[in-house]
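One structure is given below, encoded as structure tokens.
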Amino acid sequence: MKHFTSANDSADPLVLARQTIALKNQKQNFEHLGRSKTLGLVFFNPSLRTRMSTTKAAYDLGLNVLVLNVNGDAWNIEFEDGTVMDGSSQEHVKDAIKVMTGYCDIIGVRTFAELKNREDDYTEPVLNAFLEYSEVPVISLESATLHPLQSLADITTILETDISNPKIAVSWAPHPKALPQAVTNSFLQWIKFIEAEVVVAHPKGYELHEEFTGGFELTNDQSYALDSADFVYVKNWSSYSKYGQRPPVSQNWTITSEKMAATNSGSFMHCLPIRRNVVAEDQVIDNSLIYKQAKNRETAAKTVLKNILEDINE
Amino acid sequence: MKHFTSANDSADPLVLARQTIALKNQKQNFEHLGRSKTLGLVFFNPSLRTRMSTTKAAYDLGLNVLVLNVNGDAWNIEFEDGTVMDGSSQEHVKDAIKVMTGYCDIIGVRTFAELKNREDDYTEPVLNAFLEYSEVPVISLESATLHPLQSLADITTILETDISNPKIAVSWAPHPKALPQAVTNSFLQWIKFIEAEVVVAHPKGYELHEEFTGGFELTNDQSYALDSADFVYVKNWSSYSKYGQRPPVSQNWTITSEKMAATNSGSFMHCLPIRRNVVAEDQVIDNSLIYKQAKNRETAAKTVLKNILEDINE
Amino acid sequence: MKHFTSANDSADPLVLARQTIALKNQKQNFEHLGRSKTLGLVFFNPSLRTRMSTTKAAYDLGLNVLVLNVNGDAWNIEFEDGTVMDGSSQEHVKDAIKVMTGYCDIIGVRTFAELKNREDDYTEPVLNAFLEYSEVPVISLESATLHPLQSLADITTILETDISNPKIAVSWAPHPKALPQAVTNSFLQWIKFIEAEVVVAHPKGYELHEEFTGGFELTNDQSYALDSADFVYVKNWSSYSKYGQRPPVSQNWTITSEKMAATNSGSFMHCLPIRRNVVAEDQVIDNSLIYKQAKNRETAAKTVLKNILEDINE
Chain B
9 MKHFTSANDS ADPLVLARQT IALKNQKQNF EHLGRSKTLG LVFFNPSLRT
59 RMSTTKAAYD LGLNVLVLNV NGDAWNIEFE DGTVMDGSSQ EHVKDAIKVM
109 TGYCDIIGVR TFAELKNRED DYTEPVLNAF LEYSEVPVIS LESATLHPLQ
159 SLADITTILE TDISNPKIAV SWAPHPKALP QAVTNSFLQW IKFIEAEVVV
209 AHPKGYELHE EFTGGFELTN DQSYALDSAD FVYVKNWSSY SKYGQRPPVS
259 QNWTITSEKM AATNSGSFMH CLPIRRNVVA EDQVIDNSLI YKQAKNRETA
309 AKTVLKNILE DINE
Chain P
9 MKHFTSANDS ADPLVLARQT IALKNQKQNF EHLGRSKTLG LVFFNPSLRT
59 RMSTTKAAYD LGLNVLVLNV NGDAWNIEFE DGTVMDGSSQ EHVKDAIKVM
109 TGYCDIIGVR TFAELKNRED DYTEPVLNAF LEYSEVPVIS LESATLHPLQ
159 SLADITTILE TDISNPKIAV SWAPHPKALP QAVTNSFLQW IKFIEAEVVV
209 AHPKGYELHE EFTGGFELTN DQSYALDSAD FVYVKNWSSY SKYGQRPPVS
259 QNWTITSEKM AATNSGSFMH CLPIRRNVVA EDQVIDNSLI YKQAKNRETA
309 AKTVLKNILE DINE
Chain X
9 MKHFTSANDS ADPLVLARQT IALKNQKQNF EHLGRSKTLG LVFFNPSLRT
59 RMSTTKAAYD LGLNVLVLNV NGDAWNIEFE DGTVMDGSSQ EHVKDAIKVM
109 TGYCDIIGVR TFAELKNRED DYTEPVLNAF LEYSEVPVIS LESATLHPLQ
159 SLADITTILE TDISNPKIAV SWAPHPKALP QAVTNSFLQW IKFIEAEVVV
209 AHPKGYELHE EFTGGFELTN DQSYALDSAD FVYVKNWSSY SKYGQRPPVS
259 QNWTITSEKM AATNSGSFMH CLPIRRNVVA EDQVIDNSLI YKQAKNRETA
309 AKTVLKNILE DINE
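Protein chains in written order, with this note's numbering: chain B, 9 to 322; chain P, 9 to 322; chain X, 9 to 322.
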């Protein structure tokens, strides 16, 4: 594996998930793999669990870690080519990346959708700049439209349950702020590789990009999706068509214990952080897979880093 | 030792201090103890010497370190149970702690008193949330009401001088801002285990919680406390009865060379940072134990981490 | 080598540059040198490439790294002696440094010129406080008036080209903000040790301190300096005589491809970050030594740390 920015970077995403399960149960020490090598982590947006889980995975592989928090106020980066940089931009992204990656053996980068202009987000300017200018392998720690490490952890969590051909309900849920579509996009991209019946439910106006929903059953009826589901994957996102907006929703989409009762003893899943009693009721969250998913973030990162290191060391 | 949040977590605090002295003089390398293990340090409030000394101690024990600065603006945490989280709180403390401790083998947490509501501070909501939800041992890096690593360093510093049955004056001192009672509370909790004559001096209105002062001689006369003292432990704190307030003080409580002359060649102690020529005169500070105390912070942390690691490795 | 704060701290700066070249090509692992030792990095000003390159160098030498970002708002430091600290200053620089260096084996410190009062900057209060109070070797990661690690990387980059007795044009260039003189001062201090013909060009009003320009040819004619130059070292700085100001400049000092055509196939050099199409045109920057200089920052830091560690370990 050279880069890791979407399911498409892996020859077989399912193999990656199975490697993740195997790695969790392995007592073997892999610290020799990353010894004397350095992982750079560049955060254009703040991060807690991604930074912790990725750093922990790196330590387990013997890697040194360099963290760079790019604070927009302190270090303005120019993304346009040919600009006369006499304004607030202090460094061109090309120069910044060439220099940073010169000090690292692998680089991870985190950026969010701005939710202002759809094309700006869906062309992934930050991630693609790293792919263009980096001299070392690039790992996405969440980009404007995808979150592959989260998705790898998610499908690993599903595979671990050993339920064959499950019904997976993917449901929109309420949230007080406009959020990106990245986590759901990415989950749909990865879940294609699992044999499963997937139904995606959301209110009208919250249709996702068909690149991700194509081939899945779509509904505006949450109860239809939840009916007999084995997994209930829940996430808020803002509108893709009226980009970044939050069209009014008349019904209550919060996941309740009552709603979960209609599933096939279904397991609630969420990527965290979660707004309790908004996205889902306390009782639903307290009996869920959320902590397993979070813990699998560490092993997912370790699997990806291990694959990349094995390629580098070859 | 499972957790380390107060003197009560140790079977015998004096043994811990003696271990600290022994560890300082030991050339043995203990990096195998923490090898392939990770210490998480969560700061709800900024910290310089605590972070440096604890990280240095962790490195000496071969531990990897993950630092998390919880910035109130960037990541609002909900402490109440059952809340509908549709406001500014982004994650419930329960979920945050379960996830964070999932990536660590030991977790340290730092929080301060808000000095607004006494019960809020003295019930230690942050520290107790960690004790409730953490899946790994918890170390206090200062809490709302106690600062055990500071106190362990302090009594270690006193024991190192080999003065038997010393007189210890604990004196309030002026400060331009309202400060918590944690350092003094904690010192009084730990000093109980040393054979010593302790006199606590403070202006009227600055009485401490009797849980900590009980059994000690109390006075509003600073010169009475300092008279023939072997150690002069100085600290500012705000009022406990008129919680967080700074009742007016008529006399000058700054420690001067003149006042120190009345002691038994007494040693001035302070936890740092210190406001020079407010808490004490330059000359007093320049001839004090403050740098020894600071250096002992590192070994105190090392002793505590070593005990916890030995328990984990058992 | 005890400290590293200017060319004067090295018996022979040229030997240091040659060691840097040798170290780059050496496969030998030097992680034993720093094993169980800690490098503290104190940043009074934000830093990206200095922090990354120095940290990477430290990791290569087996050093643990403690980073301290001194945020002016969070931790106000008092530099005056004898002050009654009842204002906003929370800790005296003397106490802060004694405590910090107590936890480290080597300390690096970064500070910038304030460009308000020339004497304040040129007496280097922060760096000199570290030199006065530190109990361990001090490395400058850029100070108010010098940037020795940058200069070591720069002369290493020049030596690597194997051009004997080169003509080196040092040219001022435009910039939208007032910048310190440190990088150019420092380059001139180090370049003295290379056999070279140096011409320094800048607009009237931008004369540098004669301590650094003494012995070099000075001109206000950029084309005269660039004529047949083998290296074109470019940097903006604000006025030294009208301290920190930006006197008006009538001509265009931006380095263009046309101007470079008059050189002896000269190599463009800059310390980064660079304002593209302000300091120099894209095409000039894209065919330059800037990434080599940046990469040499890592090896320069490694060379300096290695020398200091060898002295410590003796």
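Glycine included, C-beta positions come from ideal geometry on N, C-alpha and C.
7 angstroms Cβ shell around residue 279(X) - same chain, five flanking residues per side excluded: 158, 191, 243 and 301
Interface flag, residue 64(X) vs chain B, CB-CB below 8 angstroms: yes
Residue 324(P) at chain X interface by Cβ criterion, 8 angstroms: Because chain P is modelled from 9 through 322, residue 324(P) falls outside the range shown and cannot be assessed.
As assigned by DSSP and simplified to three states, the class of residue 108(P): helix
Per-residue DSSP class, three states only, for residue 267(X): helix
First through last residue of the beta strand (DSSP E) which encompasses residue 292(P): Residue 292(P) -> not in any beta strand (DSSP E); alpha helix (DSSP H) instead, spanning 290-294.
Whole-angstrom distance between residue 195(B) and residue 113(X), CA atom to CA atom: 47 angstroms
Residue 224(B) versus residue 181(B) - alpha carbon distance: 19 angstroms
Contact set for residue 311(B): own chain, Cβ-Cβ below 8 angstroms, skip 5 residues either direction: 24, 27, 28, 31 and 160
Validate contact between the region 11-22 of chain X and the region 135-150 of chain X using beta carbons, cut 8 angstroms, 3 pairs: yes
Range of the contiguous beta strand (DSSP E) that encloses residue 114(B): 114-118
Segment limits, alpha helix (DSSP H) that includes residue 159(X): 156-168
Burial state of residue 193(X), where buried means 16 or more other Cβ atoms lie within 10 Å: buried
Candidates 219(X), 239(X) and 120(X): closest to residue 166(X) by CA position: 239(X)
Assigned exposure category for residue 236(P) - 16 Cβ within 10 Å defines buried: exposed
Residue 264(P) classed as buried or exposed, judged by whether at least 16 other C-beta atoms fall within 10 angstroms: exposed
Residues near residue 255(B) in its chain [Cβ-Cβ closer than 8 angstroms; skip 5 each side]: 211, 212, 213, 214 and 247
Proximity test, Cβ basis, 8 angstroms: residue 100(X) and chain P: yes
7 angstroms Cβ cut-off: residues of chain P touching residue 290(B): 90
Ordered list of beta strand (DSSP E) runs contained in the region 228-288 of chain X, each at least 3 residues: 239-243 and 275-277
Residue 336(X) to residue 66(X) span [Cα, whole Å]: Residue 336(X) lies beyond the range of chain X shown here (9 to 322); nothing can be said about it.
Helix, strand or coil at residue 202(P) according to DSSP, with G and I counted as helix: coil
Cβ of residue 57(X) within 8 angstroms of any chain B Cβ: yes
Pick from 229(X), 208(X) and 101(X) that is closest to residue 241(X), judged by C-alpha positions: 208(X)
Contacts that residue 72(B) makes with chain X (C-beta to C-beta distance below 7 angstroms): 67
Distance, residue 73(P) Cα to residue 149(P) Cα: 14 angstroms
Chain-ordered chain X contacts of residue 139(B) [CB-CB under 9 angstroms]: Ordered by position in chain X, no residue passes the 9 angstroms Cβ test against residue 139(B), which lies about 18 angstroms from the chain.
Between the CA atoms of residue 43(P) and residue 274(X) - distance to the nearest angstrom: 51 angstroms
Whole-angstrom C-beta distance between residue 270(B) and residue 231(B), which should lie under 8 angstroms: 7 angstroms
Within chain A, the residues that residue 134(B) reaches when beta carbons sit closer than 7 angstroms: In the structure shown, chain A cannot be found, because the protein chains are B, P and X.
Residue 105(P) to residue 105(B) span [Cα, whole Å]: 34 angstroms
Cα-Cα separation between residue 21(B) and residue 133(B), rounded to whole angstroms: 24 angstroms
Opposing strand residues paired with residue 48(X) [DSSP bridges]: 74(X) and 115(X)
Among 102(B), 162(B), 305(B) and 46(B), nearest to residue 138(B) - alpha-carbon criterion: 102(B)
Spatial distance of residue 54(B) from residue 37(B) (CA atoms): 31 angstroms
Which of helix, strand or coil DSSP assigns to residue 171(B): coil
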